[in-house]
Amino acid sequence: MERGDTSAVRTQGLSHEHPEVFQRPDALGPSLAERVTWAERPLAVVLLLQLALSAVLVVLMATRSPGNAHPDEIFHLAAARYFREHWLPPSVGAPGAESSYSGYGFSYLNEADIVYWAFGKAAAVARLVGIEPALAMRWLQVGLYSGLIAWMMFRARRFTPALGFLLLTPQVWYVFSYINGDALPFALLTALLVELGWPDSSVRRFFKGTRARPTPGVFVVGALLGLLALSKLNYLVSFVFLGWAILWLRSEVRHWGRIALLASIAAVIAMPWVVYHGWVNDWETGKRVADYSEQVAAPQMKPSAQASPDSFPFRASAASTVG
33 MERGDTSAVR TQGLSHEHPE VFQRPDALGP SLAERVTWAE RPLAVVLLLQ
83 LALSAVLVVL MATRSPGNAH PDEIFHLAAA RYFREHWLPP SVGAPGAESS
133 YSGYGFSYLN EADIVYWAFG KAAAVARLVG IEPALAMRWL QVGLYSGLIA
183 WMMFRARRFT PALGFLLLTP QVWYVFSYIN GDALPFALLT ALLVELGWPD
233 SSVRRFFKGT RARPTPGVFV VGALLGLLAL SKLNYLVSFV FLGWAILWLR
283 SEVRHWGRIA LLASIAAVIA MPWVVYHGWV NDWETGKRVA DYSEQVAAPQ
333 MKPSAQASPD SFPFRASAAS TVG
C-alpha cells in the first residue's frame with residue numbers, strides 16, 4: 033500500500049474509508065486558541081461599547097450635576113482652591129486655608145493628599161481660558177478616567193475580559209465624575225496591578241531580565257508608586273496587595289535589589305512632599321490637627337464634645353454595647 037493511500041486501510045479486520053481520520057489535528061479545523069480568539073471578539077465589542085457609554089455618563093455627570101451635589105465635594109473643592117495660589121502643603125490652620133475646614137474643624141489639606149495640588153493647578157490653568165475652578169477639576173477627573181480606559185484597552189489586547197474590570201460597579205465610573213480624593217489612587221492602584229500582572233510589562237521584564245538596566249516603564253511604575261503613597265490615607269492598605277503581588281512573582285525576580293530600586297524611585301517622588309508637610313507642622317501634625325479642631329469646630333462637633341457622655345456619638349456607642 034502506498035504511504036499516502038488511506039482508502040483501504042485495515043486494522044484488526046476493520047475497514048476505514050475516511051481519510052480525514054488520518055490527517056493532522058490542525059487540519060480538521062481551527063485550534064482552541066483560534067476559537068477563543070473568535071469568541072472574544074464579540075465580547076470586546078460589547079465591553080468597548082459599555083466603556084464608551086460609561087465615559088459619556090461620566091462627562092454628563094461632571095458637566096450637568098450641580099455643585100456640591102456629591103459627598104463632601106464642597107470641602108474637596110475648598111482644599112483644592114488653596115493650591116491655585118500655592119505650591120506647597122500648608123501647616124494646620126494656615127492663612128488662606130480657613131475655608132477648607134468643615135464644621136468638625138477638619139480639612140483635607142491636613143492629609144497632604146497630592147490630588148488637591150493637581151486639582152488646584154488644573155484650576156489655575158483653566159482660569160486662563162475662563163473655565164470655572166469646579167468644572168476644571170471635574171474635567172481633570174474625566175481625563176483621568178479616559179486615560180484609565182485607554183490604558184486598560186492597551187493592556188487588554190491579549191485578555192479581553194480585563195476590560196470588564198471598570199464595569200463591575202457604577203461606583204467605579206461615578207467616582208471620576210466629581211471632585212474627590214478617591215479617583216486618583218484608584219486609577220494608580222489599577223494601573224500598578226495591571227502592570228504587575230501583565231507578563232510582558234516593563235517592570236516584569238526588569239524583574240526577570242539578565243541585565244539590571246531599568247527602562248522608562250520601570251521609572252513610570254516607580255513614580256506611580258510614589259504618587260500612590262501621597263494619596264488618600266485609606267489607600268495605604270493597597271501597598272499590602274502590591275506586596276502580595278510581588279511575593280507572588282518572587283520566582284521570577286532575579287535579584288531583590290531590583291525591588292529596592294523600584295522602591296527608591298517611589299521614595300524620591302514621595303519623600304520631599306511628606307518631609308515638608310511634617311516639617312511645616314513641627315513634626316506633630318496629629319496633635320496640631322486635634323488642637324485646631326478643638327479650637328474652630330462647632331461647639332457640638334468639637335473632639336471634647338464628641339467624647340462627652342451627653343454627646344450623640346457617645347450614647348450611640350454605649351447603646352451598641354448593651355445587650
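To convert, count from 1 in the sequence shown and add 32; that's our numbering. Where a beta carbon is used, it is the ideal one built from N, C-alpha and C, also for glycine. If you're wondering where the values come from, they're calculated on a predicted model, not measured in any experiment.
Complete runs of the beta strand (DSSP E) confined to the stretch 141-188 [at least 3 residues]: The stretch 141-188 contains no whole beta strand (DSSP E) run of 3 or more residues.
Identity of the residue in Lys-264, Leu-200, Leu-279, Leu-293 nearest Arg-245 by Cα: The residue given as residue 245 occupies position 213 in the sequence shown. Comparing Cα positions, the closest option is Leu-293.
Buried or exposed by the 16-neighbour rule on C-beta atoms within 10 Å, applied to Ser-336: The residue given as residue 336 occupies position 304 in the sequence shown. That one is exposed.
Residue span of the alpha helix (DSSP H) that contains Val-250, given as start and end: Numbered from 1 along the sequence shown, position 218 holds the residue referred to as residue 250. Residues 248-261.
Cut-off 8 Å between Cβ atoms - residues of its own chain near Ala-223, not counting five sequence neighbours on either side: Within the sequence shown, residue 223 is the residue found at index 191, counting from 1. Closer than 8 Å at the Cβ level, and outside the excluded window around Ala-223, lie Leu-180, Trp-183, Leu-256.
Straight-line gap, Gly-196 to Tyr-133 (C-alpha atoms, nearest Å): Here residue 196 refers to the residue found at position 164 of the sequence shown. Here residue 133 refers to the residue found at position 101 of the sequence shown. A direct Cα-Cα distance of roughly 38 Å separates Gly-196 from Tyr-133.
Contact under 8 Å by Cβ, Val-174 with Val-91: The residue labelled residue 174 in the question sits at position 142 within the sequence shown. The residue labelled residue 91 in the question sits at position 59 within the sequence shown. Cβ distance < 8 Å, so Val-174 and Val-91 count as in contact.
The stretch 137-145 in contact with the stretch 197-211 per 3-pair CB rule at 8 Å: The count of Cβ pairs closer than 8 Å, one atom from the stretch 137-145 and one from the stretch 197-211, stays below three, leaving the stretches out of contact.
Rounded straight-line distance, which links the Cα of Gly-241 to that of Ala-112: Taking the first residue of the sequence shown as 1, we reach residue 112 at position 80. Taking the first residue of the sequence shown as 1, we reach residue 241 at position 209. Counting only the Cα atoms, Gly-241 lies some 42 Å from Ala-112.
The alpha helix (DSSP H) enclosing Ala-329, as first and last residue numbers: Mapped onto the sequence shown, residue 329 falls at position 297. For Ala-329, no alpha helix (DSSP H) segment is defined, and its DSSP state is neither H nor E.
Coil, strand or helix - Glu-105 by DSSP: Position 73 of the sequence shown, counted from the start, is the residue given in the question as residue 105. Three-state result, Glu-105: helix.
Buried versus exposed call for Gly-36 [16 or more other C-beta atoms within 10 Å across all chains shown]: Your numbering for residue 36 matches position 4 in the sequence shown. With a pLDDT of 47 at Gly-36, under the threshold of 50, the predicted position of this residue should be treated as unreliable, and no value is reported.
Backbone secondary structure at Leu-120 - three-state DSSP: Working through the sequence shown from its first residue, we reach residue 120 at position 88. Three-state DSSP puts Leu-120 in coil, outside helix and strand.
Alpha-carbon to alpha-carbon, Leu-228 and Val-285: Stepping through the sequence shown from its first residue, residue 285 is reached at position 253. Stepping through the sequence shown from its first residue, residue 228 is reached at position 196. Each residue's CA atom was taken as its position, placing Val-285 and Leu-228 some 12 Å apart.
Supposed contact pair Arg-116 and Ala-155 - C-beta distance, whole angstroms, cut 8 Å: On the sequence shown, position 123 is the one that residue 155 refers to. On the sequence shown, position 84 is the one that residue 116 refers to. That pair is a contact at about 5 Å.
Counted within 10 angstroms of its Cβ, other Cβ atoms place Lys-319 as buried (16 or more) or exposed: The count along the sequence shown starts at 1 and reaches residue 319 at position 287. Exposed, because fewer than 16 other Cβ atoms sit within 10 Å of the Cβ of Lys-319.
Simplified DSSP state of Glu-316, which is helix, strand or coil: Here residue 316 is taken as the residue at index 284 of the sequence shown, counted from 1. Taken through DSSP and simplified to helix, strand or coil, Glu-316 comes out as coil.
Range covered by the alpha helix (DSSP H) that runs through Phe-208: Numbered from its first residue, the sequence shown carries residue 208 at position 176. In the DSSP assignment, Phe-208 falls outside any alpha helix (DSSP H) and carries neither an H nor an E.
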